[in-house]
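Undergrad:
2 protein chains.
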Amino acid sequence: MTEQHFLNNVFGKTDMTKKEKEIAISKFKQLTFEKNSFLLEEGKTANHYWFIQSGFIRSYVIDTEGNDITTNFFSVGDIVIDWPSFFLRNPTRENIQALSDCVCWQLDFETFQELFHSIRNFREQGRTTLVSSYFALKRHSISMIADQAKDRYLRLVKEKPHVVQNVSLKHIATFLGITDTSLSRIRKEIASE
Amino acid sequence: MTEQHFLNNVFGKTDMTKKEKEIAISKFKQLTFEKNSFLLEEGKTANHYWFIQSGFIRSYVIDTEGNDITTNFFSVGDIVIDWPSFFLRNPTRENIQALSDCVCWQLDFETFQELFHSIRNFREQGRTTLVSSYFALKRHSISMIADQAKDRYLRLVKEKPHVVQNVSLKHIATFLGITDTSLSRIRKEIASE
DNA sequence: AGTTTTTCTTGTCATATGGCAAGTTTTATT
DNA sequence: AATAAAACTTGCCATATGACAAGAAAAACT
């Protein structure tokens, strides 16, 4: 476990001691996912979470009318986790799918519990991460009400330019709450400015 | 601290022992808030959270164009907390306001931290509550994309009938992401069915 | 009880976005 | 290279919801 380990970046900003980080990092297992493969499928219970070292991932739900709605995008450095399923131990409604070949670091629920209850700073970190996810979701939710589709798109371009460049238009559209047709028109309008 | 204490309901379903519950409950302080008074204001950092014994409360933000958007409603038994501000120790963007006279039980951040790190089941409970809030927010967010305004309203009526009956139309409207005018028309349409 | 303020309703018209279908371009597959 | 499949664009028209303003009803205040 050298200083060069990818997860040292992820845990870089926490208050964990060097020793604590080593312990935590040693529990993670490297995995690769092929493009279009699933990390989690609707109906199953999340027993792991991951940090992405490379690639793009999305989560999505199928709504009551059968429409595929992207709920989030994940890329390098992000935590990929279904919070409710992982912590409430319930079957999930979401699917998590690799949009490209991905390299990830995986931790399972039991090991997480061990670390969570034994290392105070690991749990402070976990709480912070969860709250940050909550906050991001809230901002997205408010943006959905307060902003026009075009402004939501421009905000996404600003916040996650690499996602906009690497993910297909239809997935971006459903994430923004519009159709692919509308997003195509919005892009055209922006290009002509 | 008798069995009759209001907070025994709140902590009823947790794995905490009787003794642990007593310790936790003894740290809460009863407070009353007058209608229209603020529990938290934009720009300040949340140092407390509350459980509602009676009354109605809402949280809201002011968007970039000055519009008031309700982000949540709280009523009897609910936890009232600004997760990001409370845990990340940041100034909040939200306002939390009593919509009627309210009786609440308050806990401050420092006491929370003590309980969180010393009582394992208190922290499991805290994590569960946070994740449940996350889940509710996600459902609301997806509903915003997948459902028509009328369906969102009907869902709210079903999930929080007492809120719909006690809160002014304009606040319900912004929570649903529509104007008060539209909500008034939706209500009319439903009434005529 | 009377007055003011807030809340809710309704009309007219404007606009953002959707639905569908036909092309076009790009990407994947053999 | 040829073919198939997926992704993206564009046109036409439909529709949900918004903007604004005027009344009506209800609630708050003196």
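Top to bottom, those sequences are chains V and D.
So that you can map any letter, position 9 of the first sequence is 9 in my numbering, and since no number is skipped, the others follow by simple counting.
So that you can map any letter, position 137 of the second sequence is 1137 in my numbering, and since no number is skipped, the others follow by simple counting.
Glycine included, each C-beta is placed from N, C-alpha and C at the ideal position.
(1) May I have the straight-line CA-CA distance separating Leu-1088 (chain D) from Glu-124 (chain V), to the nearest angstrom?
(2) Is the distance from the Cβ of Phe-1038 (chain D) to the Cβ of Ser-1100 (chain D) below 7 angstroms?
(3) If we cut at 7 angstroms on Cβ distances, does Leu-259 (chain V) have a partner in chain D?
(4) Counting C-beta neighbours from all protein chains within 10 Å, is the total for Ser-26 (chain V) 16 or more, i.e. buried, or is it exposed?
(5) Using a Cβ-Cβ cut-off of 8 angstroms (strictly less than) and excluding sequence neighbours within five positions of Ala-1149 (chain D), which residues of its own chain qualify?
(6) Mind reading off the beta-carbon distance from Ala-98 (chain V) to Phe-33 (chain V)? Whole number of angstroms is fine, and I expect it under 8 angstroms.
(7) Find the nearest neighbour of Phe-1122 (chain D) within the set V:Asn-121, V:Phe-122 and V:His-117, judged by alpha-carbon distance.
(8) In this structure, how does DSSP classify Ser-59 (chain V) when only helix, strand and coil are distinguished?
(9) At a CB-CB cut-off below 8 angstroms, which residues of chain D make contact with Lys-138 (chain V)?
(10) Buried or exposed for Glu-1094 (chain D), please, with buried defined as at least 16 other CB atoms from any protein chain shown within 10 angstroms of its CB.
(11) Among residues of its own chain, excluding the 5 on either side of His-1048 (chain D), which ones have a beta-carbon nearer than 6 angstroms to its beta-carbon?
(12) Assign Thr-1017 (chain D) to one of two classes, buried (16 or more other C-beta atoms within 10 Å of its C-beta) or exposed (fewer than that).
(13) Using alpha carbons as the reference points, say which of D:Ser-1054, D:Gly-1077, D:Phe-1112 and D:Gly-1012 lies closest to Ala-1046 (chain D).
(14) Count the other CB atoms, across all protein chains shown, that sit within 10 Å of the CB of Met-1001 (chain D); report buried if there are 16 or more and exposed otherwise.
(15) Quick check on DSSP: helix, strand or coil for Thr-92 (chain V)?
(16) What first and last residue would you give for the alpha helix (DSSP H) that runs through Val-1163 (chain D)?
(17) Taking Ile-1190 (chain D) as the reference, which of D:Glu-1159, D:Arg-1152, D:Lys-1013 and D:Asn-1090 has the closest Cα?
(18) Buried or exposed, going by whether 16 or more other CB atoms sit within 10 Å of the CB of Pro-84 (chain V)?
(19) So is Lys-35 (chain V) buried or exposed if we call it buried at 16+ other beta carbons inside 10 Å?
(20) Does the distance from the C-beta atom of Leu-137 (chain V) to that of Leu-1137 (chain D) stay below 7 angstroms?
(21) For Leu-1169 (chain D), count the other beta carbons within 10 Å of its own beta carbon; 16 or more makes it buried, fewer makes it exposed. Which is it?
(22) Indicate whether at least one CB of chain V lies closer than 7 angstroms to the CB of Asn-1055 (chain D).
(23) Where Thr-64 (chain V) and Val-1157 (chain D) are concerned, what is the direct C-alpha to C-alpha distance, given to the nearest angstrom?
(24) Within the continuous beta strand (DSSP E) that includes Leu-1073 (chain D), where are the two ends?
(25) Suppose you measure from the CA of Phe-51 (chain V) to the CA of Cys-102 (chain V); what does that come to, to the nearest Å?
(26) Comparing the CB of Ala-1098 (chain D) with every heavy atom of the ligand ADP, is any distance shorter than 6 angstroms?
(27) Would you say Asp-1078 (chain D) lies against chain V (beta-carbon separation less than 7 angstroms)?
(28) Name the two residues that bound the continuous alpha helix (DSSP H) containing Gln-1113 (chain D).
(29) Who are the Cβ neighbours of Glu-43 (chain V) in its own chain at under 8 angstroms, not counting the five residues just before and after it?
(30) What number of angstroms, rounded off, separates the C-alpha of His-1140 (chain D) from the C-alpha of Glu-114 (chain V)?
(31) Considering Phe-1051 (chain D), what are the terminal residues of the beta strand (DSSP E) in which it resides?
(32) Does any CB atom of chain D fall closer than 7 angstroms to the CB of Tyr-49 (chain V)?
(33) Would the beta-carbon of His-1162 (chain D) fall within 7 angstroms of that of Ser-1075 (chain D)?
(34) By the 7 angstroms beta-carbon criterion, what residues does the segment 1145–1177 of chain D contribute toward chain V?
(35) Could you tell me which residues DSSP puts in a beta bridge with Val-196 (chain V)?
TA: Checking against the coordinates, here is how it stands:
(1) Near 10 angstroms, if we compare the C-alpha coordinates of Glu-124 (chain V) and Leu-1088 (chain D).
(2) No.
(3) Outside the displayed span of chain V (1 to 193) sits residue 259 (chain V), for which this structure offers no information.
(4) Label assigned to Ser-26 (chain V): exposed.
(5) Around Ala-1149 (chain D), the same chain offers Leu-1176, Gly-1177, Ile-1178, Ser-1182, Leu-1183 and Ile-1186 as residues with beta carbons nearer than 8 angstroms, after the five sequence neighbours per side are excluded.
(6) With a Cβ gap of about 4 angstroms, Ala-98 (chain V) and Phe-33 (chain V) count as contacting.
(7) Checked all of V:Asn-121, V:Phe-122 and V:His-117; the closest Cα to Phe-1122 (chain D) is V:His-117.
(8) Under the three-state reduction of DSSP, Ser-59 (chain V) is assigned to strand.
(9) Simply Thr-1071, Pro-1084 and Leu-1137.
(10) Answer is buried; the Cβ neighbour count reaches 16.
(11) Closer than 6 angstroms at the Cβ level, and outside the excluded window around His-1048 (chain D), lie Gln-1106 and Asp-1108.
(12) Burial call: exposed.
(13) Measuring from the Cα of Ala-1046 (chain D), the nearest candidate turns out to be D:Phe-1112.
(14) Unreliable positioning characterises Met-1001 (chain D) in this predicted model, as indicated by a pLDDT of 48, which lies under 50. The coordinate reading is nonetheless provided below. Result: exposed.
(15) Three-state result, Thr-92 (chain V): coil.
(16) Membership of Val-1163 (chain D) in the alpha helix (DSSP H) is indicated by the continuous run 1161–1166.
(17) Ranking the options by Cα distance to Ile-1190 (chain D), first place goes to D:Arg-1152.
(18) Buried, by the Cβ-count rule.
(19) The residue is exposed, with fewer than 16 neighbouring Cβ atoms inside 10 Å.
(20) One thing to note: Leu-137 (chain V) has its Cβ within 7 angstroms of the Cβ of Leu-1137 (chain D).
(21) By the neighbour-count definition (other C-beta atoms within 10 Å, threshold 16), Leu-1169 (chain D) is an exposed residue.
(22) One point to set straight first is that residue 1055 (chain D) is Gly, not Asn, in the sequence displayed. Chain V contact via Cβ: absent.
(23) Each residue's alpha carbon lies about 19 angstroms from the other.
(24) The residue asked about is misnamed: residue 1073 (chain D) is Phe in this sequence, not Leu. Its beta strand (DSSP E) spans residues 1068–1074.
(25) Phe-51 (chain V) and Cys-102 (chain V): Cα-Cα distance of roughly 10 angstroms.
(26) This structure does not include the ligand ADP; it has no bound ligands of any sort.
(27) Not closer than 7 angstroms to any Cβ of chain V, the Cβ of Asp-1078 (chain D) fails to qualify, so no.
(28) Element bounds for Gln-1113 (chain D): 1109–1118.
(29) First, the residue type needs correcting, since residue 43 (chain V) is Gly and not Glu in the sequence shown. Excluding residues within five positions, the ones whose Cβ falls inside 8 angstroms are Pro-91 and Thr-92.
(30) One C-alpha to the other measures close to 32 angstroms.
(31) Counting along the chain, Phe-1051 (chain D) sits inside the beta strand (DSSP E) bounded by residues 1048–1054.
(32) So no, Tyr-49 (chain V) is outside the interface.
(33) Using a Cβ distance threshold of 7 angstroms, His-1162 (chain D) and Ser-1075 (chain D) count as a contacting pair.
(34) Within the segment 1145–1177 of chain D, the qualifying residues are Ile-1145, Ala-1146 and Gly-1177.
(35) There is no way to answer for residue 196 (chain V), as the model of chain V reaches only from 1 to 193.
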